[in-house]
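Numbering (this note's numbering), first residue to last: 24 to 122.
As structure tokens, then:
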């Protein structure tokens with residue numbers, strides 16, 4: 024099974040993840056995506072008056088947390104690929120490998 028996240032889905036996952044870490048509401052998290060050909064996808068996160076920079080690994084962790092915590096998918100059975108398209112923006116492709 025595969026699930027595809029568009030940019031808004033990825034943003035929601037990051038907001039929920041950061042809100043859990045910082046013990047605030049997801050609405051109080053601000054993010055701004057960035058793409059660099061050499062470094063890939065990243066995002067600047069502002070929460071609790073602090074700035075964080077998330078790379079692809081942290082974004083993948085946020086998606087895994089979101090699917091595990093909110094939708095009860097097992098994060099141990101996920102492979103998450105973060106992508107970027109000029110028209111579509113940031114995306115996530117989540118594959119599940121159940122034995």
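All residues carry an ideal CB built from backbone N, CA and C; glycine is no exception.
By the DSSP assignment, the alpha helix (DSSP H) with residue i in it spans what residues?
{"i": "residue 89", "result": "79-92"}
{"i": "residue 40", "result": "30-45"}
Could you name the residues that DSSP lists as bridge partners for residue i?
{"i": "residue 51", "result": "Answer is none; residue 51 lacks a bridge partner."}
{"i": "residue 68", "result": "54, 75"}
What are the start and end residues of the beta strand (DSSP E) that includes residue i?
{"i": "residue 119", "result": "112-119"}
{"i": "residue 107", "result": "101-108"}
Indicate whether residue i and residue j have their beta-carbon atoms separated by less than 8 Å.
{"i": "residue 104", "j": "residue 64", "result": "no"}
{"i": "residue 100", "j": "residue 75", "result": "no"}
{"i": "residue 26", "j": "residue 38", "result": "no"}
List the whole-angstrom C-beta distance separating residue i from residue j, where the pair is believed to meet the contact cut-off of C-beta under 8 Å.
{"i": "residue 111", "j": "residue 32", "result": "Not a contact, Cβ separation roughly 12 Å."}
So is residue i in contact with chain B if we call contact Cβ pairs under 8 Å?
{"i": "residue 66", "result": "Although the question refers to chain B, the structure presented lacks it and comprises just one protein chain."}
| message | Three Cβ pairs or more, each shorter than 8 Å: is that satisfied between the stretch 34-52 and the stretch 69-88? | response | yes
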